[in-house]
Each structure stands twice: as C-alpha cells, then as structure tokens.
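K.L.:
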C-alpha cells in the first residue's frame, strides 16, 4: 500500500539495493542449512567469560560513565590502547589520529559522506567488499576497477585506472574480502608509488590483518607509506587505515576504528556527530576492559588456531569433492576463499541448486561493481566447525556435479 | 598541515559545522563547572544493578548470539516489546513497522538519507533540536520555520509555511528540545489536519514523552493521526514516530527506534545496512533483558520523581535569582527549560560571562536555523542534583546582573 511517504524518497534512495548477502542470510536461517555465505566469526571463540568479568567490573566501578553519553571521537583509553598497538607495529600515531566508529561499515559510510560527490569515481579492486559499494552507492559513487589475481590488486593495470582520476583508491591488502588473496610486498610498494605520483590517496581496509595462518606478515600499506612521510613527528600520510574489533573480539559490539591524518579525523568526527553522536560508551569501555593487558594478542592466537584448522578442512574437502574445472584460492589468513567455476556456469543459478542440498554461499557477481564474475563465488570458512565444513563441501560437490552433468 | 585528502572533501563537507553543544562540553569538563548545557540524564538513576544482572544473564545463556552479527531491522524480541508498549497506548503496529537505530540521531540521519535531496525544504519549529539540523545539513536541506510559543508550534502560522512545499514537517510535541513546551491537543489536531490537507507528512520526535511531571498525558500526534487512517488493520499513517531508550534507560547504549509504515521501514533499513549494518546485538539484547516484565514503566516513575524535584528546584531558584526582565518557560516534563533575556542582550556573550562564574548553558541561537533567538538560552535540569542547580542558578543570576548593570 502506498503511503504519502513513498512519493518523497530522495534520488539516492533509488540507488540503494538490498544486499545479496542479506537476502541470502534469510534463506540460510533454515534448519539443516550449512552456510558458507556470511562473514561470521566462529561463536566458539567468543571470549564470553572475559566479557562477563568486564561487564561486572565496569558497571561496578564506572556505572555512571559507561551508561552516559560520551565524546564523538571515542573513549580515550580505548584510543590510547589502539595507539600503543599501532606504535608497536610501526605506525606513528597519537589519539588524535584515531576515530572510533560503529563498525567499519560506519567508517565506509562516513568516508562516503565527507569525500564523495555524486559522480565521483572510486578506484576499487574487482572483486571488492560489497559493503563498501553499498555505502558509497548512496552517495552516487561510480567505480573504476582494477582486477585481482592471486597476489592481490594487479598493479600493472593500476596506472591506466589512475589516469581516469579517481577520488581515492580502496584496497583490502590482507586476505581480501571476497577472494582471500594478499597483496604482495612488491605490489604494495608499487601501489604507494603510483598513488603518490598521481596524487590519489588510499583507503586501506584491514579487518583480518592479524589473522594469518601461514607465511609472514607483510607491513600494512599505511606503514610503508607513512615511513616515507612522517614530518616533524606528525603523520601526514596518503593512507586512511580501517580496522575493527569484529574479528578479534566480537562483531556484536559494532566497534571499529579509523586511522588518518588529524584534519581528516576531525571531518570524519564532525560527520559522525550528525550520524549517531558517538559509538556506544558501554561497548567501548567493555572492549577496553576485555582487551587490555595483552588479552587481544593472546586471544588472536586462539582464533588463528581455530580458523587455520577450518581453512585446512575446507581446502582438503574441496580437493576431494570438486569436479574437474573448478578452481579456488589458497588464502593465507582471513575468513574467505574464492571459487571459480568453468566459464559457462552461473553461480547464482548454482546457488539455487546448492540450496536444494542445504548448503549456501555468496555468488561472486555481487562483489563486482561491473556485474562480471558470474562464474565465481565466495566461501566462508570461519563460521562452521570442520565436520560441518566437510559435509557442506561434499553437498556443494554434489550440486556442482549434478549441474555440470546436465550441462554436458 | 595540508594532506592530500584535504583537497578532496565533498561539497556536503563544507556545510558541516561543529555543534555548539560539543564545543561547549569541552569547556564544561573543567572541575567546579556547573553545566546546564548538555542534555544528559542523571547518572544517579541509571539502573546499574539491573544492567549487571542482565549482562550476566544474557552472556551466560545467549553468549553466542549477543556477541554475533545480527539483522539490520533489530533484535526481534526488543521490537516485540516496543510493539506491545505501543499497542497498549493505542498505536496499532507490528514488528515490521519498527526499526531499531543507533540512537535517535541515527534515525534523523537515515531520514535525511532516504528523503532529502539537496535544496529540499524541511518545515521545523523555531527553535528546534539542533541535532536534526546537523543531520540534515549534510544532505543539503533548507528550512522553513514556524515559531514556538508556550503551547508549542504556532499552528496559525503553519499553513503559510506549508504553501512553500516542505518535504516533511519535523515536530517535537512533548517538552520540546530546546524550549520545554508541549504542543496542545487543539494544535495537534490542527497540525494533523493541515498536514493532511497539504499532503505533507510529519516526523514526530518524542524522546521525553514518558517523562511528564505534572498535567495529563496528551496522545502522540501519531496516535491521533493513525486513528484516522488504519485500513484493514494495516497502519498507513502520515507520521514517522521516533523515540529512544536514552532517557528511560541509558544513553550510553545508543538505542532508539522508528515507527513508520512498512514501506518506509524497509527503505530506512536498506539505508541503515549501508550505514552501520546493524545496531549492537549486545546492547539490544541487554536492553531487552533489563526492560522486560514492566521494568521500564517502574523505572520511569523513579526518573520522574528525580527530575520533577530538579525542575522544581530550578524554577524556584530562577524566581529567587533572576533580575527583572528575564523570562522562562514552565515545562511539564522533559529535560529542559528555555530562558529569554531582555531583547538587547546576546546570550553567547552572556555565556562568556557565565563561564567566569563556572556555570554554563547553550545559547539559543544555535537552535534557530535562521540564527534568530540571540537573547535566548537552553537550561538543562536533569543532570545536576538540586543543590548544584541552586548554586548554578545563583551564579547565573550573578553573571546576568553584572552584565545587565554594565549595560544600563
């Protein structure tokens, strides 16, 4: 039924589309469904007891503070904790370079708000994180894409894309969502060099950087960039860095942070003030209480052990169950791998087939701003325990084989 | 120092201004300052023990759920609780009419996102809530104003404003922020009738509706409107209604809700998904646990007793301490009263004088989209206990008298 409101939507409302992931999650709520669709952390590793202790402690000792309004920039001790962590890994920042956001999704929205005029082009990887596209579509962004291979963004295609004049470059260098691939050191340096030459800044989205299961950590693009740029002790980098507590503590808190030059933080903070005043004081103080004294570093080891096992289970199970012609990435960390079917197949059609077998994934085309990648899909390996992963991949194998047989 | 980012801000960034309240709060962090500036609830009435119990219970029994991602629309039992409350007071809604937001500020932002094209006019009271102006300025809103007197929005000036063709009407009918005045029943009906005649919908912002200290509750504009409009059991009203847990439980949770026709809720939800995915699962489940079994209704009585005493203390203290020519409203509920100086005085200049006496307020001009109201100010009476209120008003009286003497 039409209401008087329905004639009044803004132009940007026409550009908003329901996320495929969201619609998918509705189907996957069915019992017996094994879902590789969401980007959910394993509930098994949530530090529930630590949260209980922290809630009791902060309500006991800081009840009036944790339940009250707070500042827009975020809880100072939490920003100090993030500062210390960053200084330890080589990023020279102080708390004025840090803004707490209500999840990284909010950081993406605020970046859209302060930077994107309708029609502005944003340079993204293809495929890329679809939440970023969703956030920026609302501001009328257009996209310039650079393809991704097993070493991340193909920087040999970057210069041509930069000539188009994008507002900024959006990159997920570590265990990229959706492909699971990692930008090589050589390409990181090339990215920084080209961004600098063309005067185009970089947004580095790094939700999984701490979750590496093999190989060696690579320095963040921000670290490599800032090493060139620190002047008089002040960070003036060409990179805005995003990270989150969602994958190292719990996503239910909706807690993330942005690191950026002070001038940018103050604009983001101003935009945030009009958007939600501030992020929950309660969650910030609880997260600080849980996270301090090195707890996060220790807890990350538990998460890594759990996810490494699940990734290995999925990789082995794919070897066993996938028909010929199906390929997948070998992620060194993170939550996802990327699977490619023979070219003539459509993974959205394949999803219908898979759902009959009670298994789900996200079709790859949704991660491509240009709608390509129709024969690809994203599989999550963090949420299900290994036995479910084996069962799910076996069901997926069955669905694929049935469809492939019909085809030939 | 300029960074490469600073040349890249969007047009809307130019329109964002730091909130006066925010800057003010920085000054008021000084020790010995008595602040009537913020809109803070009394920390004395936060139900800390209830929160402790609830945190322990939900972490014990629903640990995997409370720390995990959740749906964008909000936690179903919390929406059901809100539905029951609304049905009880006469609003016929179901959970599909309800969206949980990260504070009402987010609801204002999302309304801007889905409705406002640059240059659209919004009809607001003058003065009005400055957070709404801040949210909508980012979308390029212009304002049409209707003055407020002791009975709320002057509906005899409404028709002329409606002829200008505003996108919607924004009204705070109960104990308005900033003036503390309440829209009379007669004017509510007039507002609904004129809005209907001109085909302009209404956004009703009602954060304090439950906090009445004298007189009788008036039905929400939404109730009056929806009584005319329920068709086949489906709500198709001309009103979007906003309310919040900030004033009846705790603002640190950042939890509020929108009631609207289903079609509008689904657009708001889509916009919210790109903005912050969802509001903290943890906070929603804890708030539901605290709020159920009638706790909120009982707790509201505690809050009302506390704030009534503070309001009375402020009103008495103003009688005692204010020089001639100073007037103020007599709010029947809420958190604020509104003070008017003789016309030749500027309350922003007066604030500098007051700060010397260690007392603060918010100058009234910031609540006027047209910059008028320079001789007015907002005083909050919920935050400080009665003895501090007496002391603060006495200091304010001193500052005013000194300034008034200098003037004559």
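Chains as they are written, first to last, in the numbering used here: chain R, 28 to 435; chain Y, 28 to 435.
Every residue, glycine too, gets a C-beta built ideally from N, C-alpha and C.
Would you call the CB atoms of residue 106/R and residue 125/R closer than 7 Å?
P.N.:
Cβ distance < 7 Å, so residue 106/R and residue 125/R count as in contact.
K.L.:
Could you tell me the boundaries of the beta strand (DSSP E) in which residue 67/Y lies?
P.N.:
Premise fails: residue 67/Y is in no beta strand (DSSP E) and is neither H nor E.
K.L.:
Taking only three categories from DSSP, how would you classify residue 244/R?
P.N.:
In the structure shown, residue 244/R sits in coil (DSSP, three-state: anything other than H, G, I, E or B).
K.L.:
Between residue 113/Y and chain R, is the shortest Cβ-Cβ distance under 7 Å, so that the two count as touching?
P.N.:
No, its Cβ sits nowhere closer than 7 Å to a Cβ of chain R.
K.L.:
Mind checking the segment 107-138 of chain Y against chain R and listing, in chain order, the residues whose C-beta falls within less than 7 Å of any C-beta there?
P.N.:
Of all residues in the segment 107-138 of chain Y, 129, 130, 132, 133 and 136 have a Cβ within less than 7 Å of some Cβ in chain R.
K.L.:
Provide the residue span of the beta strand (DSSP E) that contains residue 174/R, from first to last.
P.N.:
169-176 is the span of the beta strand (DSSP E), which, as asked, contains residue 174/R.
K.L.:
Any beta carbon of chain Y sitting closer than 7 Å to that of residue 304/R?
P.N.:
Answer yes: the Cβ-Cβ gap between residue 304/R and chain Y drops below 7 Å somewhere.
K.L.:
So is residue 284/Y in contact with chain R if we call contact Cβ pairs under 7 Å?
P.N.:
For residue 284/Y, the answer is no, since every Cβ of chain R falls outside 7 Å of its Cβ.
K.L.:
Can you tell me which of the three DSSP states residue 32/Y falls into?
P.N.:
In the structure shown, residue 32/Y sits in a helix (DSSP, three-state: H, G or I).
K.L.:
State yes or no: is the C-beta of residue 63/R nearer than 6 Å to some heavy atom of the ligand PLP?
P.N.:
By its list of ligands, the structure shown contains no ligand whatsoever, and the ligand PLP lies outside what it can speak to.
K.L.:
Determine the closest residue to residue 228/Y out of 402/Y, 149/Y and 303/Y, with distance taken between C-alpha atoms.
P.N.:
The candidate whose alpha carbon is nearest that of residue 228/Y is 149/Y.
K.L.:
Do you know whose CA, among 65/Y, 33/Y and 31/Y, lies nearest residue 386/Y's CA?
P.N.:
The residue with the shortest Cα to Cα distance from residue 386/Y is 65/Y.
K.L.:
Under 7 Å between the Cβ atoms of residue 316/R and residue 72/R?
P.N.:
No.
K.L.:
Residues of chain Y with CB closer than 9 Å to the CB of residue 54/R, please, in chain order.
P.N.:
Ordered by position in chain Y, no residue passes the 9 Å Cβ test against residue 54/R, which lies about 14 Å from the chain.
K.L.:
Given 8 Å as the limit, is there contact between the segment 288-308 of chain R and the segment 139-158 of chain R, that is, 3 or more CB pairs closer than that?
P.N.:
Touching, per the Cβ criterion.
K.L.:
To the nearest angstrom, how far is it from the Cα of residue 188/Y to the Cα of residue 174/Y?
P.N.:
Their Cα atoms are separated by approximately 11 Å.
K.L.:
Starting from residue 405/R, trace the beta strand (DSSP E) in both directions and tell me its first and last residue.
P.N.:
Looking at the DSSP string, the run of the beta strand (DSSP E) that includes residue 405/R is 403-407.
K.L.:
Do residue 33/R and residue 209/R have their CB atoms nearer than 7 Å?
P.N.:
No; because the gap between Cβ atoms is not below 7 Å, this pair is not in contact.
K.L.:
Against chain Y, does residue 32/R count as a neighbour if the rule is that its beta carbon must be under 7 Å from one of theirs?
P.N.:
Chain Y, which has a Cβ nearer than 7 Å to the Cβ of residue 32/R, makes this yes.
K.L.:
Tell me the rounded alpha-carbon separation between residue 371/R and residue 428/R.
P.N.:
Cα to Cα, the separation comes out at about 14 Å.
K.L.:
May I ask you to report which of helix, strand or coil DSSP gives residue 386/R?
P.N.:
If DSSP states are grouped into helix, strand and coil, residue 386/R belongs with the strands.
K.L.:
Could you pull out every residue in the same chain whose Cβ sits closer than 7 Å to the Cβ of residue 340/R, ignoring the five residues on either side in sequence?
P.N.:
The residues are 413, 416 and 417.
K.L.:
Around the Cβ of residue 419/R, are there at least 16 other Cβ atoms within 10 angstroms (buried) or fewer (exposed)?
P.N.:
Counting Cβ neighbours within 10 Å, residue 419/R comes out buried, since at least 16 surround it.
K.L.:
Answer yes or no: do residue 221/R and residue 251/R have a C-beta to C-beta separation smaller than 7 Å?
P.N.:
Their beta carbons are not under 7 Å apart, which means residue 221/R does not touch residue 251/R by this criterion.
K.L.:
CB-CB under 8 Å to residue 377/Y, same chain, minus the five flanking residues each way: which ones, in chain order?
P.N.:
These residues qualify, in order along the chain: 368, 390, 404, 426, 427 and 430.
K.L.:
Can you check which of these residues, 214/R, 166/R and 183/R, is closest to residue 194/R by C-alpha distance?
P.N.:
Among 214/R, 166/R and 183/R, the Cα nearest to that of residue 194/R belongs to 166/R.
K.L.:
The beta strand (DSSP E) with residue 285/Y in it runs from where to where?
P.N.:
Its beta strand (DSSP E) spans residues 283-286.
K.L.:
Given a cut-off of 7 Å on the beta-carbon distance, is the pair residue 3/Y and residue 230/Y in contact?
P.N.:
Only positions 28 to 435 of chain Y appear in this structure, which leaves residue 3/Y out of reach.
K.L.:
For chain R, check one thing: does any of its Cβ atoms lie closer than 7 Å to the Cβ of residue 93/Y?
P.N.:
At least one chain R Cβ lies under 7 Å of residue 93/Y.
K.L.:
Count the other CB atoms within 10 Å of the CB of residue 308/Y; is the residue buried (16 or more) or exposed (fewer)?
P.N.:
Classification for residue 308/Y: buried.
K.L.:
Checking 7 Å against the spacing of the C-beta atoms, do residue 440/Y and residue 373/Y come in under that value?
P.N.:
Limits of chain Y in this structure are 28 at one end and 435 at the other, which puts residue 440/Y out of reach.
K.L.:
Please look up how many angstroms separate the CB atoms of residue 326/Y and residue 74/Y, rounded, as I've assumed it's under 8 Å.
P.N.:
So it is a contact: roughly 6 Å between Cβ atoms.
K.L.:
From this set, 314/Y, 133/Y, 135/Y and 432/Y, which residue's C-alpha is nearest residue 272/Y's C-alpha?
P.N.:
Residue 314/Y is the option with its Cα nearest to residue 272/Y.
K.L.:
So is residue 255/R buried or exposed if we call it buried at 16+ other beta carbons inside 10 Å?
P.N.:
That one is exposed.
K.L.:
Compare the C-alpha of residue 304/R against each of 159/Y, 68/Y, 69/Y and 223/Y and name the closest.
P.N.:
Checking every option, the nearest Cα to that of residue 304/R belongs to 159/Y.
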